[in-house]
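Residue numbers (the numbering used here), protein chains in the order written: chain A, 16 to 166; chain B, 49 to 596.
For each residue, glycine too, the CB sits at the ideal point set by N, CA and C.
One structure is given below, encoded as structure tokens.
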């Protein structure tokens, strides 16, 4: 397992300072990562755009085009289907956000003064841990951590 | 028939939006990657539904989609054997039986397991042959993508190869495995968004399922709607040209278990899961879509056979492989056409990316770190991984140009798999269940298995023996490779020294490291691997009854 201890990155060489600075960065990083990396938002966003484009195209579809696809207005129906899919993913992502724990006020303080950041993959496996090493923090952001959205 | 698509600016806009999303994921991922484990295994952090969909997407490359639609047109529902016999049981086996050894022993790659279980020569032999095979397959995917771009959009082959390689290079170099996996999940939905409407329109056109049967039966001499008719030994009379023995043992056991359980491009997705339980669920979750995907690959193949005159004949572009592009051309209006194009290109890039991300991991962790430059800090290997990715894609472009010299791409891939995966599975299964198997038997078995596959291949193509159709020959070849590996493994084990039992902790049956399997995640019944396994097997058995 490749693990970086917190002191690696310290310009001052003081592991405690490095740790708290890092924890602060981690909390912000994790919160941003949670949003950026939520694949449910990516899927929802992409299909929202596609759904809008196809629905508009389908609404103004010519008879010749509809005849081409076996008399089904496939742009319209696919567009509506994609909008439904997008709504499901976005609802899932916003009702059970990955960064739920991270959005709570005072989270940063707790991160700074918290216990030494648990390093490595073990931290990601601890559902209750609020702090984390860089990796554990961004892991939770990406993966869901405590509020695992999926199976 | 002209296959050139009637694209307009809307289709290109839809395509462009997809590429922006894909590269955006890469840039976002780059900012959060700090260690080599992040880069190569996503920091072992992903939830099971993501790794499960990525697991199936790594397999759902465009070659697979176009190839299975082609098989659907050629063999009808016999193609279901590739899914329900040739994939689902092996995926269940990987999740239930083998994953505790892979994930529990904390190996970072499949070859690394061989180093722990056997010895360094076995490890190096496997790492090198795997690296060569993956880069060849990545090249084949690039070439096939360029072919499709040429057919459908009129792009020159070389331009298509370079553009596709640049996009894949962009998002993997930036974001590593996370980026590849997130794109695979996205790709999974886009390709389904393309195939489902295509299938619905096609089925409507031919008059539904019964209309499809009537039209296909009127056209085809063979019965394409039953899966076991004419598979008796000695009187084979089915389009696949194989009896039940090579179907069940060759395809269902050796080829399929070899591919799904030892191919690192697949297993890597499960290793990036956040816990052993999530890792075990990865292939099981992937098995559900795998069991249902034939509805959008085989059915379009049959539709193409029913309504496109001359499919599979000698006419220009009438190859079975073009079944889906031909249907797209015929049915999809601008708009859906762009989505279908984005889905196909995404599927091709997923095929390239899956292999390249497995390649860079194996080259870094299994060749460079242990044998060439050991003991450097993690940043060094992270940088090296990015260089390996770049080099892998460059070699991929080179092998793509080699592949352009071969006429039948699928044969080439089947050949690579039978040489490589079939013997590997024998070594794994014996090594996991028989503690007495010795380190040197590992190496000897792999070499013998590869030699056996080569012998069967050349004996068959050279006309020395007749194994039936190409498919049957591939199934038999895999069985020969497996048998040769198994026999040599057992014999060499008898004459060499086994590893001390304490060195096998976590690596062999009965000694798996399953401590963290008892985590909180196991509480919900629907997350139990056993429930998922029984569920997917039951589903496949029930579905099979409709096609007996």
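Closest by C-alpha distance to residue i, when choosing among the options
i	options	result
residue 52 of chain B	B:365, B:504, B:543	B:365
residue 252 of chain B	A:88, A:76, A:78	A:88
residue 176 of chain B	B:554, B:495, B:275	B:495
residue 116 of chain B	B:371, B:531, B:311, B:420	B:371
residue 394 of chain B	B:514, B:256, B:99, B:111	B:111
residue 381 of chain B	A:84, A:103, A:108	A:84
residue 183 of chain B	B:507, B:413, B:407	B:407
residue 58 of chain B	A:97, A:73, A:106, A:111	A:73
residue 68 of chain B	B:234, B:493, B:128, B:107	B:234
residue 245 of chain B	B:345, B:211, B:271	B:345
residue 256 of chain B	B:321, B:355, B:275, B:193	B:355
residue 329 of chain B	B:73, B:559, B:78, B:103	B:103
residue 333 of chain B	B:575, B:192, B:376, B:211	B:575
residue 360 of chain B	B:267, B:222, B:166, B:154	B:267
residue 260 of chain B	B:491, B:194, B:124, B:514	B:124
residue 572 of chain B	B:137, B:548, B:325	B:325
residue 391 of chain B	B:113, B:77, B:311	B:113
residue 577 of chain B	B:223, B:369, B:139	B:139
residue 299 of chain B	B:544, B:428, B:97, B:518	B:518
residue 107 of chain B	B:402, B:447, B:556	B:402
residue 506 of chain B	B:488, B:466, B:537, B:581	B:466
residue 68 of chain A	B:62, B:135, B:227, B:78	B:62
residue 311 of chain B	B:76, B:221, B:405, B:396	B:405
Per-residue contacts from residue i into chain B (C-beta, under 8 Å)
i	result
residue 85 of chain A	249, 250, 252, 253, 379
residue 69 of chain A	383, 384, 387
Three-state class that DSSP yields for residue i in the structure shown
i	result
residue 67 of chain B	helix
residue 359 of chain B	coil
residue 560 of chain B	coil
residue 555 of chain B	coil
residue 512 of chain B	coil
residue 260 of chain B	helix
residue 94 of chain B	strand
residue 9 of chain B	For chain B, the structure presents residues 49 to 596; residue 9 of chain B sits outside this window and is missing.
residue 167 of chain B	coil
residue 204 of chain B	coil
residue 133 of chain A	With a pLDDT of only 35 at residue 133 of chain A, under the threshold of 50, the placement of this residue in the model should not be trusted; the figure read from the coordinates follows. It is coil, neither helix nor strand.
residue 178 of chain B	helix
residue 546 of chain B	coil
residue 189 of chain B	helix
residue 221 of chain B	helix
residue 266 of chain B	helix
residue 591 of chain B	helix
residue 55 of chain B	coil
residue 576 of chain B	coil
residue 79 of chain B	coil
residue 164 of chain A	Note on residue 164 of chain A: pLDDT 37, under 50, position unreliable in the model; no value is reported.
residue 596 of chain B	coil
residue 59 of chain A	helix
residue 426 of chain B	helix
residue 117 of chain A	For residue 117 of chain A, the pLDDT reaches just 37, beneath the cut-off of 50, and the residue's location in the model is therefore unreliable, although a value from the coordinates is still provided. In this structure, residue 117 of chain A counts as helix in the three-state DSSP scheme.
residue 227 of chain B	helix
residue 431 of chain B	helix
residue 255 of chain B	coil
Chain A contact residues for residue i, given Cβ-Cβ distances below 8 Å
i	result
residue 234 of chain B	54, 57, 58, 61
residue 62 of chain B	65, 68
Under 9 Å from the C-beta of residue i: neighbouring residues of chain B
i	result
residue 103 of chain A	Under the 9 Å cutoff, chain B gives no residues; its nearest Cβ is about 11 Å from residue 103 of chain A.
residue 72 of chain A	58, 381, 382, 383, 384
Partners in chain A for residue i, counting only beta-carbon separations shorter than 9 Å
i	result
residue 241 of chain B	62, 65, 93, 96, 97, 100
residue 65 of chain B	61, 64, 65, 68
Proximal residues of chain A, C-beta to C-beta of residue i below 7 Å
i	result
residue 69 of chain B	57, 61
residue 245 of chain B	89, 93
Below-9 Å beta-carbon distance, residue i vs any chain D residue
i	result
residue 271 of chain B	In summary, chain D is missing from the structure at hand, where the protein chains are A and B.
Handout entry: Secondary structure, alpha helix (DSSP H): runs of 4+ residues fully inside the stretch 437 to 509 of chain B
Key = 457 to 481, 487 to 509, all fully within the stretch 437 to 509 of chain B.
Problem - Contained alpha helix (DSSP H) runs [length at least 4] in the stretch 271 to 341 of chain B, N- to C-terminal order - result: Listed in chain order, they are 304 to 310, 312 to 319, 324 to 340.
Exercise for the section: Note down, one range per segment and in chain order, each alpha helix (DSSP H) of at least 4 residues found wholly within the stretch 65 to 115 of chain A. Expected result: Within the stretch 65 to 115 of chain A, complete alpha helix (DSSP H) segments of at least 4 residues are found at 78 to 83, 89 to 110, given in chain order.
Handout entry: Whole runs of the alpha helix (DSSP H) within the stretch 349 to 413 of chain B, excluding any shorter than 4 residues
Key = If you keep only unbroken alpha helix (DSSP H) runs of at least 4 residues inside the stretch 349 to 413 of chain B, you get 371 to 379, 384 to 409.
Handout entry: Interface positions of the stretch 193 to 225 of chain B facing chain A (Cβ-Cβ less than 9 Å), listed along the chain
Key = Close to chain A, meaning a Cβ-Cβ distance shorter than 9 Å, is no residue of the stretch 193 to 225 of chain B at all.
Practice task
Starting from the N-terminal side, write out each stretch of the alpha helix (DSSP H) that is 4 residues or longer and does not extend beyond the stretch 98 to 155 of chain B.
Solution key: Taking only runs of at least 4 residues, the alpha helix (DSSP H) segments lying wholly in the stretch 98 to 155 of chain B are 110 to 123, 136 to 141, 147 to 152.
Problem - Within 7 Å of chain A by C-beta, residues of the stretch 424 to 444 of chain B in sequence order - result: So the list reads 426, given in the order they occur along the chain.
Handout entry: chain A contacts from the stretch 142 to 154 of chain B (Cβ-Cβ distance under 8 Å)
Key = Within the stretch 142 to 154 of chain B, those residues whose Cβ lies closer than 8 Å to any Cβ of chain A are, in chain order, 154.
Handout entry: Positions along the stretch 155 to 188 of chain B whose CB lies within less than 9 Å of some CB in chain A
Key = Answer set for the stretch 155 to 188 of chain B: 156.
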